[in-house]
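*Asks:* One structure coming up, written as structure tokens, with questions to follow.
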Amino acid sequence: MLGSLIIVFREVIEAGLVVGIVLAATRGIAGRGWWVAGGVAAGVAGAAITAAFAGALSTAFSGNGQDIFSASILCLAVIMLSWHVIWMARHGRELALEMQKMGAAVSSGSRSLGAMATVVAVAVLREGMEVVLFLYGIAVSAHVGAFSLLSGGLLGVLGGAALSYALYRGLIIIPLRHLFAVTNILVSLLAAGMASQAAALLASDDLIPALGYDIWDTSWLLSDGSLAGRTAKALAGYTDRPTGVQILVWGLTLVCLLATERFVRTRPHPSPSP
Amino acid sequence: MKRLFAALPLLTGMCLFPPVQAQAQTVFHLTLKDHHFEPDHLSVPAGERFIIELENQDSTTDELESYDMKFEKIIVPGSKIRVHAGPLHPGHYTFFDDYHPDQAKGTVTAEAKP
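Shown next, in the form of structure tokens:
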């Protein structure tokens, strides 16, 4: 039971961190609960479908199918996260003002929700696929104790969900004036982390140059295998022994995103909407 | 348009440098049977990229993973996968089946060339 609890908990945390940040970043936008729930549902469905075709996916692209698929959906999530950051740069202030004035959710933000729902779906799909295959394997094997393993899995899901809710509650303690500034940084780090993970996957299959291996080794400090290391990876793309291309892509994504955000935010725009 | 700007680094990375030519890398063959790797130990040359090819003879879906060699790939029953690893510094490394981590474990020793 403990084994399945741990493996499921681990994957759910990784997706849950993304969901927690997305919930905080879309605070006050009317209907976001439905969009995020829809993203989770789409992710679960996608995970089940992908798991069913795991064999075909493995053999696709001369055996690199899994990595190319993961890298592609990560890139999609990076684009959606970027879209949100830049959208918030334009509308974040008016959104916060309106929320303070009305003390309620505002509908003007619904445009950004589709992008964030996509991000949630991608995060859930990636981690969910492993959980689905793992639990399916338990369910089909006539293994003694399958029930306890499955209940372990369920506890893992609940534990991971509780942690992402805690992250969300922790984030929304931040006063509204500063909340979106903080979530914008978190979302930018998520984007940089996902872009660098995509680069790592492609470099691992020798599809793009690695530009050097083991640029540094911080496994003594924070190991990729530890829960803290996995959390740092999910939040910001941490890895204990990065390749050159990972660092390059991480830095470029972050710099481009923050520079564009700043440019959009400080530029006076004559028409306040849409 | 601006969101494309944000995705630019990745695209630049992909386009600027053409894909690496597939050099002849040593392939090490492993099988997974009864949730054990066979062989469960590999000696590889340090400082070189190499490939581990795994054949799954079990009836369960497994996941070949290594933290210190940075690979992670799902393998369905009766199939073969390849993961790339290295270049490694001389030393000991571990890999395992993430779905049966207590049973299926293996080690890699990277040795410097004399």
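Those sequence lines, one after another, are chains A and B.
Here this note's numbering is used: position 82 in the first sequence is 82, and no number is missing along the way.
Here this note's numbering is used: position 35 in the second sequence is 1035, and no number is missing along the way.
Every residue, glycine too, gets a C-beta built ideally from N, C-alpha and C.
(1) For A:Ala41 and B:Thr1109, I'd like the C-alpha separation in whole angstroms.
(2) Taking DSSP's pairing of strands, which residues face B:His1100 in a bridge?
(3) Excluding the 5 residues flanking A:Leu81 on each side, which residues of the same chain have their C-beta closer than 7 Å to its C-beta?
(4) Go to B:Val1083, then tell me how far its beta strand (DSSP E) extends in each direction, as first and last residue.
(5) Using a Cβ-Cβ cut-off of less than 9 Å, give me the residues of the region 204-215 of chain A that come near chain B, in sequence order.
(6) Alpha helix (DSSP H) containing B:Lys1073: first to last residue?
(7) Is the shortest distance between the beta-carbon of A:Ser164 and the beta-carbons of chain B less than 8 Å?
(8) Indicate whether the contact test is met: 3 or more Cβ pairs, each with one atom in the region 1034-1054 of chain B and one in the region 1077-1096 of chain B, closer than 8 Å.
(9) Since I believe B:Thr1061 is in contact with B:Val1083 (beta carbons under 8 Å), could you give me their beta-carbon distance rounded to a whole number of angstroms?
(10) Kindly indicate the opening and closing residues of the alpha helix (DSSP H) around A:Glu98.
(11) Specify the secondary structure class of A:Ile29 as computed by DSSP and reduced to three states.
(12) Here's the rule: buried if 16 or more other CB atoms are within 10 angstroms of the residue's CB, otherwise exposed. What is A:Gly156?
(13) Using a Cβ-Cβ cut-off of 8 Å, state whether A:Leu133 counts as contacting chain B.
(14) Taking DSSP as the reference, what is the three-state secondary structure of A:Ser112?
(15) How about the region 158-167 of chain A and the region 196-215 of chain A: do they share at least three Cβ pairs that are nearer than 8 Å?
(16) Can you pull the chain A neighbours of B:Thr1061, defined as C-beta to C-beta under 9 Å?
(17) Contact criterion: CB-CB distance below 8 Å. Does B:Ile1074 meet it with respect to chain A?
(18) I'd like the span of the alpha helix (DSSP H) that includes A:His178, first residue to last.
(19) Give the single residue among A:Ala54, A:Asn64, A:Val132 and A:Gly63 whose Cα lies nearest to the Cα of A:Phe9.
(20) With 8 Å as the threshold, decide whether the Cβ of B:Lys1070 is near any Cβ in chain A.
(21) In the structure shown, what three-state DSSP assignment does B:Lys1113 receive?
(22) Nearest-angstrom Cα distance between B:Ala1104 and B:His1035?
(23) Leaving out the 5 sequence neighbours to the left and right, which residues in its chain are closer than 7 Å to A:Leu211 when beta-carbon positions are compared?
(24) Between A:Ala89, A:Asn184 and A:Trp83, which lies nearest to A:Arg265 when the distance is taken from Cα to Cα?
(25) Specify, as a first and last residue, the run of the beta strand (DSSP E) that A:Glu261 falls within.
*Replies:* So, from the data block:
(1) In the first sequence, residue 41 of chain A corresponds to position 41, counting from 1. In the second sequence, residue 1109 of chain B corresponds to position 109, counting from 1. Take the alpha-carbon of A:Ala41 and the one of B:Thr1109: they are about 44 Å apart.
(2) The count along the second sequence starts at 1 and reaches residue 1100 of chain B at position 100. DSSP lists no partner for B:His1100.
(3) One-based indexing of the first sequence puts residue 81 of chain A at position 81. Cβ neighbours of A:Leu81 within its own chain (closer than 7 Å, five residues either side excluded): Val119, Val187, Leu190 and Ala191.
(4) As a working mapping, residue 1083 of chain B is identified with position 83 in the second sequence. For B:Val1083, the enclosing beta strand (DSSP E) begins and ends at Lys1080 to Ala1085.
(5) Listed by position, the residues of the region 204-215 of chain A near chain B (Cβ gap below 9 Å) are Ser204, Asp205, Asp206, Leu207, Ile208, Pro209, Ala210, Leu211, Tyr213 and Asp214.
(6) Here residue 1073 of chain B refers to the residue found at position 73 of the second sequence. From DSSP, B:Lys1073 is part of no alpha helix (DSSP H) but of the beta strand (DSSP E) over Phe1071 to Ile1075.
(7) Taking the first sequence and counting its residues from 1, one reaches residue 164 of chain A at position 164. By this cut-off, A:Ser164 is not an interface position.
(8) The answer is yes - the region 1077-1096 of chain B touches the region 1034-1054 of chain B, with three or more Cβ pairs under 8 Å.
(9) Here the question's residue 1083 of chain B lines up with position 83 in the second sequence. Here the question's residue 1061 of chain B lines up with position 61 in the second sequence. That pair is no contact at about 16 Å.
(10) As a working mapping, residue 98 of chain A is identified with position 98 in the first sequence. First-last of the alpha helix (DSSP H) with A:Glu98: Gly65 to Met102.
(11) Along the first sequence, read from residue 1 onward, the residue named residue 29 of chain A stands at position 29. Looking at A:Ile29 - three-state DSSP - the assignment turns out to be strand.
(12) Taking the first residue of the first sequence as position 1, residue 156 of chain A is located at position 156. Burial of A:Gly156 is indicated by the presence of at least 16 other C-beta atoms within 10 angstroms of its C-beta.
(13) Counting from 1 along the first sequence, the entry for residue 133 of chain A is found at position 133. A Cβ of chain B is located within less than 8 Å of the beta carbon of A:Leu133.
(14) Here residue 112 of chain A refers to the residue found at position 112 of the first sequence. In the three-state DSSP reduction, A:Ser112 falls in the helix class (H, G or I).
(15) Contact fails: fewer than three Cβ-Cβ distances are below 8 Å.
(16) As a working mapping, residue 1061 of chain B is identified with position 61 in the second sequence. Chain A residues near B:Thr1061: Ala51, Ala54, Gly55, Leu133, Phe134, Tyr136 and Gly137.
(17) For the purposes of this step, residue 1074 of chain B is identified with residue 74 of the second sequence, where counting begins at 1. Interface residue, yes.
(18) Working through the first sequence from its first residue, we reach residue 178 of chain A at position 178. Where A:His178 is concerned, the enclosing alpha helix (DSSP H) stretches over Leu176 to Ser204.
(19) Your numbering for residue 9 of chain A matches position 9 in the first sequence. That would be A:Val132, whose Cα lies nearest to the Cα of A:Phe9.
(20) Residue mapping note: residue 1070 of chain B aligns to position 70 of the second sequence, counting from 1. At least one beta carbon of chain A lies nearer than 8 Å to the beta carbon of B:Lys1070.
(21) On the second sequence, position 113 is the one that residue 1113 of chain B refers to. Here DSSP, grouped into helix, strand and coil, assigns B:Lys1113 to coil.
(22) Translated into positions along the second sequence, residue 1104 of chain B becomes position 104. Translated into positions along the second sequence, residue 1035 of chain B becomes position 35. The straight-line gap from Cα to Cα measures roughly 5 Å.
(23) Taking the first sequence and counting its residues from 1, the one referred to as residue 211 of chain A is at position 211. Answer for A:Leu211: Thr243, Gly244, Val245 and Leu248, listed in chain order.
(24) To locate residue 265 of chain A, count along the first sequence from 1; it is residue 265. If we check each option's Cα against that of A:Arg265, A:Ala89 comes out closest.
(25) Locating residue 261 of chain A in the first sequence gives position 261, where the first residue counts as 1. A:Glu261 -> not in any beta strand (DSSP E); alpha helix (DSSP H) instead, spanning Gly244 to Thr266.
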